[in-house]
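The structure under discussion appears below in the form of structure tokens.
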Amino acid sequence: MMPIINVIEAVRDAMKEEMARDASVFIMGEDVGKRGGVFLATQGFVEEFGEQRVIDMPLAESGIAGIAVGAAMAGLRPIAEIQFADFISPTMNQIVGEAARARYGTKGEVHVPMVVRSPYGGQVRGGLFHSQSVEAYFAHTPGLKVVAPSTPFDAKGLLKSAIRDNDPVLFLEHKRTYRSVRGEVPNTDYSIPIGSADVKRAGHDATIVSYGLTIHYALQAAEVLEKEGIQIEIVDLRSIRPLDTETIINSVSKTSRLLVLHEDNLTGGIGAEISAIVSEKAFDLLDAPIMRCAGLDIPAMPFAPTLEAAYMPSLEKILATTRKLLAY
Amino acid sequence: MPAIIQLPHVGESVTEGVIGKWLVKPGDRVEKYDPLVEVSTDKVNMEVPAPFSGVILRILVEEGDTIEMGKPIAELEIDGAQDNPVEDEATENEEEIHFDREAERRARVGEFLEEVRSVGPTGSGEGGLGRPDVDSVFADDPNDPSVQGEADSINSERLSPLVKRMIEQYQLNPEEIQGSGRDGRLTKSDVLAHLEFKEGRSNSRTDTSSGGFAEIKGENGGQSDRIELTSIRRTIAEHMSKAVRDIPSAWTMIEVDLSELVSWRNQHKHDFKVQHSVNLSYPAIIGWFTAKILSGNPTLNSSWAVDSIKQFSSVNLGIAVSTESGLIVPVIHRADEMNFTEFATKLDSLVSAARNGTLELNDVQGGTFTFNNTGALGSIISVPIVNHPQAAILTTEAIVKRPVVTESDAIAIRSIINLCLSFDHRVCDGHDAGIFLSSLKKMLEHHDFSSILN
């Protein structure tokens, strides 16, 4: 019925449609023009929209983010691409210090309608400088929205919402999902509200909350457990900030057992926040301690394949933790 | 051929959508995928595409209407339908018109292709970019700090917040509820099962005066008496239901020739009784041998613990005793360490205590295997229910004289007993059960019985 595309194609379609719809939308980043982006997210864009709207930038992320903030304040809708989330740290001041505070600091007079797109995540042999997950740093910041889709359908619908949003949105795309996750996506206009989670699979024995690549590992785990008669509910956050607390708690009210799963490091990760929220708001719905399965607390994603595999919350680790949760 | 267009499902938790602006009107021609109408839901705002090309006949819902997912929203005349044979048309349209739920789910969940390589600067690494095989090397590392949430030990008596709330809400006594969680802690499903059980009881109480019962009474003219449950009856009922519900049990039986044991016993029973003031009974003899065998081969002296099997180092032999109020299973603790006389004496005193109602709490706790002399009333085969959470139960049937074919092909009259075993098939397989029964058979047929009196 609908065309089947992958995540990178969904990202490309969303940007292309929004650029055609709204002349104030433009793209800036490293290699986004002639090269079409290192992951080909902007392939053919410079030919279609011209160098004025698809701007190749020097290797200076603080400059990319800073210019985007200025352009957004001046009324444009920039999509700034940070080539790898690993390189986002030089933009901390522009994003956290300026973009996130502008509307608050001007009594709502100045908006910063910018999107920062960035590929993140591991299991791509990217090593120490091309694999990190950065969501927790930014999800801590009020004034910023943080989005991390897991499917082409969600990627397209959420990126459209992000571009149309009047506040800054950090849009994180898991590199491993770019070509490995395919799905049907309508080629008509649709958008998905930021801040709404999605129940990717219904079940009643335990809930796994996750986002990004690990959603697919969780779905695999649910398939394995279904053969044993265990029904796992899988909640895809889709947006990390704001969190869809209601959907999470609705699910826990059904299952009474919660596992939070993410690839980002364990300590201070999104799992900690969700665990705290559920303990505070739904303590008496819980039949077992909230458990977490996450990336190891080590300084970076290792390069060696064995060590990279050991870092990741793999299917085996997810099954082991879920079994502990179910047996409690 | 006119087709109904339905509001497509967009998510597990989304049941309805609000119709926004209609982008077409009756009489309009639409191409496949053309947007028809805007719809907003909690989860997604989208335009519903035309599932095929054709002409809009009717619009069935108005802007602002809240419509359940899957309900019809418009009618459309499909292009060229009349050219197709009728049958094909029906199937084809069926597929297209009904926004297949599974397809919708696939669309939202996506399909994860593990073997696909990534692209770009990180996509050129050698070998599979799928999950490397080495994953499994780290899978079960208990020291892996990425797998969190389990303390080394738990206080299984501490109730979870949910169970605590349920117990207060339904005014239950947690001690009456059997726990199935880790180390026997109470879980939500334990409380629900208990409530269901209680509800079943109160329903049957109401039922005696309700239509169903009255009808049976009226038609057949019979009477039914309501018998109040004693606490022991209730406990037995709960316990048996739980055992049948939770334990995938298997059953096996072995035939044992007790002729030698019978004649040996007949020679010694009088002296034994005089000397020890206790009967040289068959249950005592077979029970004692059972404990010995379990001690040497503890596979059946164990308990299923969900993610592991608990194997017990001591044999605490439960003895099923029929009393006036119901079944009681006192336990001979450390039966494997007793000599025969100690065992027979303890058995005798526990059976008396059970029948007199003078058992201590400790006497009925900690059983690891149950022994039941079902032959006492003449039974020759029985299929016992495993005594949860133990792994197996053995019955000794009546000893009967039978003509049997001996090894020299003669027909002889022998004293035969059947031993029946039900066991938890999660804990072990028929092979282990067979080894246990054949070891017991060997003991009972060939042992130098006099040695047990020393």
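Sequence order for the protein chains is A and B. Using my numbering, the first residue of the first sequence is number 4, and each one after it goes up by one. Using my numbering, the first residue of the second sequence is number 31, and each one after it goes up by one. C-beta: ideal position from N, C-alpha, C; glycine also. All figures in this text were calculated on a predicted structure; none of them were measured in a lab.
Residue i versus the options, residue with shortest Cα-Cα distance
i, options, result
"V263 (chain A)", "A:P122, A:V238, A:I233", "A:V238"
"K62 (chain B)", "B:E107, B:L347, B:R385, B:E285", "B:E107"
"T45 (chain B)", "B:E98, B:A33, B:M31, B:I34", "B:E98"
"N346 (chain B)", "B:N327, B:E290, B:H363", "B:H363"
"R264 (chain B)", "B:I284, B:S293, B:I358", "B:I358"
"A1 (chain A)", "A:Y107, A:P6, A:Q55", "Nothing about residue 1 (chain A) can be reported from this structure: the residues present for chain A run from 4 to 331 only."
"A221 (chain A)", "B:E141, B:K51, B:I197, B:R188", "B:E141"
"P302 (chain A)", "A:P245, A:V255, A:G130", "A:G130"
"D287 (chain B)", "B:K194, B:A428, B:N369", "B:A428"
"Y181 (chain A)", "B:Q208, B:E144, B:L216, B:Q199", "B:E144"
"M76 (chain A)", "A:Q97, A:K327, A:L161", "A:Q97"
"I89 (chain B)", "B:L222, B:V67, B:I465", "B:V67"
Residue i, DSSP secondary structure in three states
i, result
"A350 (chain B)", "coil"
"Q208 (chain B)", "coil"
"K320 (chain A)", "helix"
"Y331 (chain A)", "coil"
"M368 (chain B)", "coil"
"L43 (chain A)", "coil"
"Y123 (chain A)", "strand"
"T154 (chain A)", "coil"
"V99 (chain A)", "helix"
"I7 (chain A)", "strand"
"D58 (chain B)", "coil"
"G36 (chain A)", "coil"
"D25 (chain B)", "This structure does not reach residue 25 (chain B), given that chain B is present from 31 up to 484, and the question cannot be answered."
"G160 (chain A)", "helix"
"D300 (chain A)", "coil"
"H177 (chain A)", "strand"
"A321 (chain B)", "helix"
"V164 (chain B)", "Caution is warranted here: a pLDDT of 45 is assigned to V164 (chain B), below 50, making its placement in the model unreliable, and the coordinate value is therefore given only provisionally. Here V164 (chain B) sits in coil by DSSP."
"R385 (chain B)", "helix"
"F87 (chain A)", "coil"
"S2 (chain B)", "Since the first residue shown for chain B is 31 and the last is 484, residue 2 (chain B) is missing from the structure and cannot be characterised."
"T270 (chain A)", "coil"
"K101 (chain B)", "coil"
Through-space distance from residue j to residue i, alpha-carbon basis
i, j, result
"F168 (chain B)", "L318 (chain A)", "Any reading at F168 (chain B) needs caution, since the residue's pLDDT is 45, under 50, leaving its predicted position unreliable; the model's value is listed next. F168 (chain B) and L318 (chain A): Cα-Cα distance of roughly 11 Å."
"D118 (chain B)", "T191 (chain A)", "Unreliable positioning characterises D118 (chain B) in this predicted model, as indicated by a pLDDT of 41, which lies under 50. The coordinate reading is nonetheless provided below. Distance between the alpha carbons of D118 (chain B) and T191 (chain A): 28 Å."
"G214 (chain B)", "S186 (chain B)", "6 Å"
"P278 (chain B)", "V413 (chain B)", "14 Å"
"M31 (chain A)", "I58 (chain A)", "5 Å"
"Q234 (chain A)", "V74 (chain B)", "25 Å"
"I312 (chain A)", "Q126 (chain A)", "The sequence given here has Ala at residue 312 (chain A), not Ile. For A312 (chain A) and Q126 (chain A), the distance between alpha carbons rounds to 7 Å."
"D478 (chain B)", "D301 (chain B)", "18 Å"
"Y314 (chain A)", "H177 (chain A)", "16 Å"
"V49 (chain A)", "I67 (chain A)", "18 Å"
"N417 (chain B)", "L322 (chain A)", "31 Å"
"K37 (chain A)", "E266 (chain A)", "33 Å"
"L467 (chain B)", "L329 (chain A)", "35 Å"
"E126 (chain B)", "D58 (chain B)", "Any reading at E126 (chain B) is ruled out, since the residue's pLDDT is 42, under 50, leaving its predicted position unreliable."
"R432 (chain B)", "I410 (chain B)", "12 Å"
"F401 (chain B)", "E354 (chain B)", "19 Å"
"C296 (chain A)", "R106 (chain A)", "36 Å"
"N392 (chain B)", "I243 (chain A)", "55 Å"
"E268 (chain B)", "R212 (chain B)", "20 Å"
"V60 (chain B)", "A71 (chain A)", "40 Å"
"G40 (chain A)", "I280 (chain A)", "38 Å"
"K327 (chain A)", "N203 (chain B)", "27 Å"
task = Mind the definition here: the region 133 to 152 of chain A touches the region 75 to 90 of chain A only if three or more C-beta pairs lie below 8 Å; say whether that holds.
result = yes
key: Sufficient close CB pairs (3 or more, under 8 Å) joining the region 398 to 408 of chain B to the region 255 to 272 of chain B   = no
task = Ignoring anything shorter than 4 residues or poking outside the region 196 to 267 of chain A, list the alpha helix (DSSP H) runs there in chain order.
result = 217 to 229, 248 to 258
key: Three-pair Cβ contact test at 8 Å for the region 139 to 152 of chain A versus the region 268 to 279 of chain A   = yes
request  = Assess, as a yes-or-no matter, whether the region 146 to 153 of chain A is touched by the region 165 to 173 of chain A under the definition of 3 or more beta carbon pairs within less than 8 Å.
outcome  = yes
request  = Count the C-beta pairs between the region 248 to 258 of chain A and the region 197 to 211 of chain A that are closer than 8 Å, then say yes if the count reaches three, no if not.
outcome  = yes
ask   = Can we say the region 113 to 129 of chain A touches the region 76 to 84 of chain A, given the rule of at least three CB pairs closer than 8 Å?
value = yes
inquiry  = Across the region 289 to 304 of chain B and the region 421 to 428 of chain B, are there enough close Cβ pairs to call them in contact, namely three or more that are closer than 8 Å?
reply    = no
query = Is the region 210 to 218 of chain A touching the region 153 to 166 of chain A in the sense that three or more CB pairs, one from each, lie closer than 8 Å?
reply = yes
task = Determine contact between the region 450 to 462 of chain B and the region 327 to 341 of chain B, defined as no fewer than three beta-carbon pairs at a distance below 8 Å.
result = yes
task = Could you tell me which uninterrupted alpha helix (DSSP H) segments, each at least 4 residues in length, are contained entirely in the region 253 to 297 of chain B, listed from first to last along the chain?
result = 261 to 276
key: Start-end ranges of the alpha helix (DSSP H) lying completely within the region 390 to 420 of chain B, minimum 4 residues   = Runs of the alpha helix (DSSP H) spanning 4 or more residues and lying entirely within the region 390 to 420 of chain B do not occur at all.
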